[in-house]
Each structure stands twice: as structure tokens, then as C-alpha cells.
Amino acid sequence: MSQTNASANPFHDPLRFERRIPPCSVLIFGANGDLTMRKLLPALYRLAYERKLPSGFSIVGNSRTKMSHEEFREKMRTSVEKFIENSPFDAELWEDFAKGLFYVSGDLGDPQCYADLKAQLDAIERERGTSGNVLFYLSTQPSFYASVVEHLGAAGLASHEHGWRRVVIEKPFGHDLASAQELHRRINAVFAESDIYRIDHYLGKETVQNVLAFRFGNSIFEPLWNRRYINHIQVTAAESIGVEGRGAYYQEAGALRDMIQNHLLQVLATVAMEPPPVFEADSVRDERAKLLRSIRIYKQDEVAQHAVKGQYGPARLGNEDVAGFRQEPGVKPDAQTDTYAAVTFFIDNWRWAGVPFYVRTGKRMPKRVTDIAIRFNGAPLSLFQGGGEEPTSPLGAPNLLILRIQPDEGISLRFQSKDPAGGGMKLRPVSMDFNYGSSFGTRTPSAYETLLLDALSGDSTLYTRQDMVEASWKAVEPILNHWDNTIFDLPNYDAGSWGPAASDEMLARRGHVWRIP
Amino acid sequence: MSAAVVRPERLLKDLQAEWVKLGKAEAESSERSAGVLRAVTMTVLVAVEAGEDERKALESLSQLMHEHPARAIVLRLAPERGEPLSGRAYATCWMPFGRRSQICCEQIELSAGAENFGEIPRLLQALVAPDLPVVLWCRSAAIFTHAAFAAIAELADKIILDTRHHPDPDAALLFVDEQLRHGNLYGDLTWTRLTRWRQTVAAAFDRADCRSFFDSLTSAEVHYAHAPEPVSARYLRAWLQSVLGTHFPVSLVHTPCEPDESWQIRKVRFLSANGSFDIERPQRGSAEIHVESFTSKAHFEVQDESALLREEISILSRDPSYAKTVRQFAISH
């Protein structure tokens, strides 16, 4: 019989079997934290439930809290039962899954902690057949990222004779361009760029991935996907909640840093990038990076024209009084934080020259919605204007393509149709809808399930590369600098509204209006 | 008995009327109604015999619709040989959790006795949803051997059988082998039921300690529970031989179990000069890999018919593993 290795197992049937993950372990730093309990463990358990994880798969948790393996297992069981979404909890399966859970307490600054972790990983490799493959997941405070990675390097944990070693880091990747570069310099001294997985959970969303399928799996839209046919694009990510106890963190970050610099610029890049030659990690990321580098960088005196900062104030919503941002616990009474940010981006390349990309995000907006609206130019000649009782303006009702990211995931195309009522040539916009829920009744994997599976199988397509991080910081840094050096009259929008008036004015200068999602 | 003439236009008109009725009823039922969503992603032709077979098939079909909304055309073989052709159209609807609009799928039923069943293929030409894939799920062995089968199958992009229900599964598989070699797409739910087994075998060989067995494997055993030799065990043997070599020794071992333990394949054992390792299914819902002192357990979910159909429907292209296995089955027959 022929030889085999992890990547050439002739029993695999890629058409029917789930993607193969080689035997491996995940080491989570910050295993006692919220992210681990709410997202990571439920996602990993669900992957085990779906038989997507390899035999012998193990998880090692680390934090400062003293805990036995058994206590850690019990704690993780409680959080999986509580936070698993759209999925049953199978007690019997948990018993087996839990056998692969281990815990090593220790201080991230103490070399002994890494020696203990190494001993645990070695034991797992011997006893559970994981072949030395380890994914390190940094679910700690960002200020620890670089030092943890340096300790991993010093303890000999960053490489292995036979297996792979990868590291996943959560955003923020720095708080500006210089800090992002410094963070990278330190991490890259230990791990090669190809082994660094910068997670942006937005890219793991099924509907964001579907943007690529929609654009490059169909031939009818791509010819229209340029400045000749598209008038402008609006990206909205609205949240109805406030800062929910994260006031202290949020007042240092703000909406531009927290959402636009990473998630929304990645979404924008997905919508606007050129087709990659092949659907492989670096080809896709090359195109995203190229697009991000094409974003026009504003001079300081251009920022006010192209960016709007907002902060919500108190309001009465229905029969409830809602606090303003400055009244939230942990927030300074004179905080200048942006809880709303809207930016007009221009992409200076041949495809998009002159097309505004309006991107907005905010907290305490009327509803939770994320979508991308592509507004096409009106018909060149309004044949039917004045033909009916109600003139149809190409500006008022042009073709509109909506890519709905969440909730109610799907795609709608609005176009004009003759209204049969009343006679005459009266047009009315109608909508052609594709709805994920009705066309695919299958359970949609959570973004963390998708991204963890990708990292375990070595697919970095949906992870952010350093050049993308730097290009995004370059695009927003002039805005951040301008905002940092200006005192704004805040709050400037009521909780429960669609943001400050200045944001509407920014669009009105080009004859556009924000759509109401 | 004089039968009403069955015209495709009439059935399609009935469907149209059904949509109007549903839309109105929904609008009248609630001011907050978001209407009815008509969903069609393919045509599924379901060939069934009246009675229990039909009941089970419709149950699976209704579950399948939630994930693959389709125009379903039920081809019902009536118990009386001379029963004339009849047809009706209707819609099945459901309200997905947390949504405001009902999703509805179209269903058409064409029924005839064996003598008149041959009138059906002609009608189908007008009834399949345009520009979408057509899948024929032939649940009935009697329809598979009926003269009309070939004409119905010709309309379909993929034909799905379940050979464990066939009186002569070997003959059915030899037929499938011939069809696959002609480039037609066939699937078999008896094979689909083995996906979990095959996946578990593949996962075992991903382990470093099992990989070391690979080069020195000498034989394998497939243990089954209930005689006579089930077609699933022979499928599994053919698959192992298609991977390990046509003449690789794989024996089928009868390991009797309690009659209420209905699952057939109990264990696959790999033997080599250095030892052996087992993949066992001790309970209906779990599998265990035993390698020396290490045991790993995996969830082995029981796939109902709709889940098996979903898997087959998701493959509307050539399936090389299946084709190789069926070829091996035919060679060693």
C-alpha cells in the first residue's frame, strides 16, 4: 500500500466529508474570559458535535485563576450549555469532548507558566496523538499580545519538529498605524506572517462570504460593478444597544476604531476588490489589500468634509428613558468619544474613481442592522416621467441592490415595474428578494465556527494580513488625528435616531440621502 | 370508471390559483403579515407506491422542503393495476421560526396503476420547474423495474435509489454501474448511510498512530449484525477495496446481535503485521476508535431519510468515490 500523511489520506472523500482538520490542540490564553466562554468554547463544541474536529482534539486553557482540569471542564460545560446557539447540547458527547479539556494556570509574564504549558502540550501529543500541531489563541487583553508571543518563542513553543504552530490574535491590531507596526514587528520576530491569524469575525459571517460568491460566481453583475453604472454605495452597521457596561473600554476606542477601521473597511474591500485569479488565501488577500491601499487618504483640512463624528445623548424611547453615552457607567461626563462615525471614502482606481462609498456605524440607533446598498445610476432617459399621474424620478427610485448581512440575511434587487392600477404608464419600484432562511434552511455556522475551522485547517483567506491592517490604519488615521485635535459639541444625536444631522448633510452635498435600512 | 383528463396546463393553473388564495388568506389573517414567500430551487420527482411507502416518502419530503424548497411532483403507483391517471396540485407551507412570512412550496401528485403509469412521463415534461435541476428520488423498487422508469429518469439530472429496499440489490447496482459509466448521475441512499462510517475510518487514518499501520495493512474485516449479508456491508467492502486495491482482503464477518439493535454494521477492523485497530459502533448514536489503550468517541448521528436525501441532492455532479466503489462492486460480483 502507498504511503500516507495528514494531507494524503486516500480514505477521504472531499465531496461528502467535512473539511479535514489534522489532529491538533488549541491553547487559549484568557480561558477564563468572556470571549472564551461565550464564543470560543461553544463554537469548538459545536464543531465537535458536527464531527468536524479530529480524533484526540484537545483544548488547553490558561489564565491566572487557579483551577483544576475538572473545575475548568465544569466551568466550560456551564458556559457551553448557556451560550451555544441554535444547537442542542448532547451530554454524552460532552463527556468525551471534556476528556480533551485541560487547564494550566499561570501568570502570562512568568516563564514558568510557559514551561508548564509546554509540559501539558507534550503530554497531550503523546497521549492523544495530536502530532504536535497547536493553535495558540490570544483571548487576552491586547496589551499582552506581544509579550505572550515572545514568551512562546523563548519557551520553544512557537515551532515544532513535525507539527505546525499558529497564533490567532483578536482585534484591535494596534490603536494606530505606528502601534500596529510595532505589534507586528514583535509578533513576526517569533511567528512567520503565514502562521499569524488576525481574526476579524465580520469576515467569517456567511453573508459577507456570500458577497464574493455573488460577485464572482455570477456573470451578470460584474459588468455593472463599476463607476459607469454605480452611483454610490452605502455600508451601514447599526446597533440598537448602547455600550452595555463596556463604557470604560469604549470611550478609549470609539466607533471609528472599533468598527470602521477593521470590520467595515474589510466589508468595503470585499464589495469593491478586483476578482482574484484563484480562490486561494493569498490571492484573495492580495486583492483586498490592493483595494485598501487605493482608499484616498485625506489631508487634515479635508476631514471635516468627509467624516462625521457623533455621540448619542439621552432620549425617551417608547416608554423607556435611555441614558446618553456620557451617563453610562465608567464614562467621563465630558467624553469626546464617537459612538457614531460616518465617512465618505473614495477609492482611487479605474473601477471606482469618483464613486462615493458612504460608511456609517453607530450605537443606540433605531435598530440592529448591517447591510450594503449599491445604488445604480438612473435610466439615461426618463421615458415615463410625467407619463403617469405620479412622475417617476430616477433619483427617487433607481435600481438598488441590497446585500443584507444581518439580520434577515439575503439579497434584494429593487427595480421599476409598471403599476397595473389606475391605467397609464405609471411605474412603481418592486423588490426581488433572495432570502437565506427560505432558500437554505440549514443552520448557518457562527462566524467563530467558520474562522476556527479555517485556522485549524490552515486557511487564512478570511483572516486579515498585516498589509491590510496597515492600509486600513492609513485610511482612518487622518480622521482620528483631526478628531483628537478638535473639541466637538457632543452629544449630537438622540438615542434611537439615525445619527447626527451633519451626517445627512455630508451626503446631501453630493445630492444623496442615507437610506433607511 | 371514466377518469377526468389530466392536463398539465390545468395543474399549473391550479397551482397559480393556490398562490393567489394563499396570498389573500395571509394578508387577511394579520395586518403585520409579510406575505407568502414562494420558494423553488429545483424539481423533485418522488416515485412511490401508494400506502406506507407513500406516507414515509411524504414525511421525508416535507422535511427536505425546509432546506431545499422545491416543486415536488409525487409519482404515485396506485395499488390497482388498472387505476386511471389522476392529478392534483396543492401547496405546502410553513412558518420559519422568528419570521413573519410563510414559505410555501408547490406540490403536484400524479397517480396511476401499473397499466397506466406509462402516461406519466409525457406530462412531466410540462410540469418540471423551468431552468432548475430535476432530481428523481425513486423510492419504489416496483417503479424502478416499470417500463416507464427510463423515460422518467431521462428527465432527471440525478436519480436517487435506495437499493436496500430492492428485491435484487445486486442487479440494481450493476445497472447503476452501467449508468454511471455512461455519464448519468445516480445516487443510492444505502451508500449515503455509510458516509458517517467512511468519515470515521478516514478520521482514524489521520491520527499519527494509525498512519503508522497504513503501510503494513494486511487485511480488514467488516462486522455486520443481521444475516443475510447486507448490501451496506458489501458496499463498505467494495469501498475499502477501491481505496486499498482491488484484491485487498476484506472479509465480511457475521457478529449476531439482539434483534432490537437494528444497525447493521458494528465494527471495522484493520489488521497489520504490527497489530490491529478497531472502529466500533457499540450504540446507535456513537462510534469509538480503539487504538491500543486510547479510545476516542464520536457522535454518530442517525441520519433520517430526509438527511440522506439532502446529502445526495447537494451533489449534482460526478461523484468519483461512489463511481469507483460501484465499479469495484461490479468487478467482484
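Protein chains in written order, with the working numbering: chain A, 401 to 917; chain B, 425 to 757. We treat Cβ as the ideally placed atom computed from N, Cα and C, and that holds for glycine. Treat the numbers as computed from the prediction; the structure is a model and nothing was measured.
query	result
Taking the runs of the beta strand (DSSP E) that are 3 residues or longer, which of them lie wholly in the segment 449-486 of chain A?	458-463
Are three or more beta carbon pairs between the segment 626-639 of chain A and the segment 749-768 of chain A nearer than 8 Å?	yes
Quickly, what does DSSP pair E645 (chain B) with across the bridge? List them, please.	B:S675 and B:R693
Taking the alpha carbon of M476 (chain A) as the point to measure from, which residue in A:T886, A:R464, A:P442 and A:G509 has its own alpha carbon closest?	A:P442
Taking the straight line between their C-alpha atoms, what separation do you get for E476 (chain B) and L509 (chain B)?	20 Å
List, in chain order, every chain A residue whose beta-carbon is nearer than 8 Å to that of E735 (chain B).	R416
By Cβ distance below 8 Å, which residues in the same chain neighbour V480 (chain A) in space, the five residues on each side in sequence not counted?	L441, P442, Y445, F489 and W494
Does any CB atom of chain B fall closer than 8 Å to the CB of E492 (chain A)?	yes
When you compare the CB of F568 (chain B) with every CB in chain A, is at least one pair closer than 8 Å?	no
Excluding sequence positions up to five away, which residues of its chain have a Cβ less than 6 Å from the Cβ of D867 (chain A)?	A689
Out of A:F417, A:G778, A:C513 and A:A638, which has the shortest C-alpha to C-alpha gap to P807 (chain A)?	A:A638
Flag I713 (chain B) as yes if its beta-carbon sits less than 8 Å from any beta-carbon of chain A, otherwise no.	yes
Residues in the same chain with beta-carbon distance under 7 Å from A558 (chain A), minus the five sequence neighbours each way, listed in chain order, please.	L552, R565, V590 and F591
Evaluate F679 (chain A) with the Cβ neighbour count: other Cβ atoms within 10 Å of its Cβ, from every protein chain shown; 16 or more gives buried, anything less gives exposed.	exposed
What does A710 (chain B) touch in chain A if you count any residue whose Cβ is under 9 Å from its own?	The question names Ala, yet the displayed sequence has Ser at residue 710 (chain B). Result: E492, L493 and D496.
In whole angstroms, what is the alpha-carbon distance linking T886 (chain A) and Y649 (chain A)?	21 Å
Rounded to whole angstroms, what is the Cα-Cα separation between K767 (chain A) and E578 (chain B)?	51 Å
Hey, could you find the ends of the alpha helix (DSSP H) L660 (chain B) is sitting in?	V655 to L668
Between the C-alpha atoms of L783 (chain A) and K826 (chain A), what's the straight-line distance to the nearest angstrom?	11 Å
So, with DSSP's three-state summary, where would you put K709 (chain A)?	strand
Got a sec: is the Cβ-Cβ distance from F629 (chain B) to anything in chain A below 8 Å?	yes
Quick check: the Cα distance between N409 (chain A) and A657 (chain B), rounded to an integer number of angstroms?	22 Å
Is G788 (chain A) close to chain B, meaning its C-beta is less than 8 Å from at least one C-beta of that chain?	Bear in mind that the predicted position of G788 (chain A) carries a pLDDT of just 36, short of 50, making it unreliable; the figure below should be weighed with that in mind. Judged by the 8 Å Cβ criterion, G788 (chain A) is not in contact with chain B.
Compare the C-beta of F694 (chain B) with all C-beta atoms of chain A and state if any pair is closer than 8 Å.	no
How many whole angstroms separate the CB atoms of C528 (chain B) and L446 (chain B), which I take to be in contact at a CB cut-off of 8 Å?	6 Å
For Y449 (chain A), would you say it is in contact with chain B, using Cβ-to-Cβ distances shorter than 8 Å as the test?	yes
What are the residues of the segment 605-626 of chain A that lie near chain B, defined by any Cβ-Cβ distance shorter than 9 Å?	none
Please confirm whether D592 (chain B) has its beta-carbon closer than 8 Å to some beta-carbon of chain A.	no
For A902 (chain A), which residues of its own chain have a beta-carbon under 6 Å away from its beta-carbon, when the five flanking residues on both sides are left out?	V708
Should D507 (chain A) go down as buried or exposed, given a rule of 16 or more other Cβ atoms within 10 Å for buried?	exposed
Just the C-alpha distance for Q752 (chain B) and N698 (chain B), rounded to the nearest angstrom, thanks.	28 Å
Could you tell me which residues DSSP puts in a beta bridge with E766 (chain B)?	Outside the displayed range of chain B (425 to 757) lies residue 766 (chain B), so it cannot be described from this structure.
Which residue spans inside the segment 527-591 of chain A form an unbroken beta strand (DSSP E) run of at least 3?	534-538 and 565-570
Below 8 Å, can you find three or more Cβ-Cβ pairs linking the segment 856-874 of chain A to the segment 684-699 of chain A?	yes
When the Cα of Y648 (chain B) is compared with those of B:V677, B:V430, B:L439 and B:L585, which residue comes out closest?	B:V677
Does any C-beta atom of chain B lie closer than 8 Å to the C-beta of G754 (chain A)?	no
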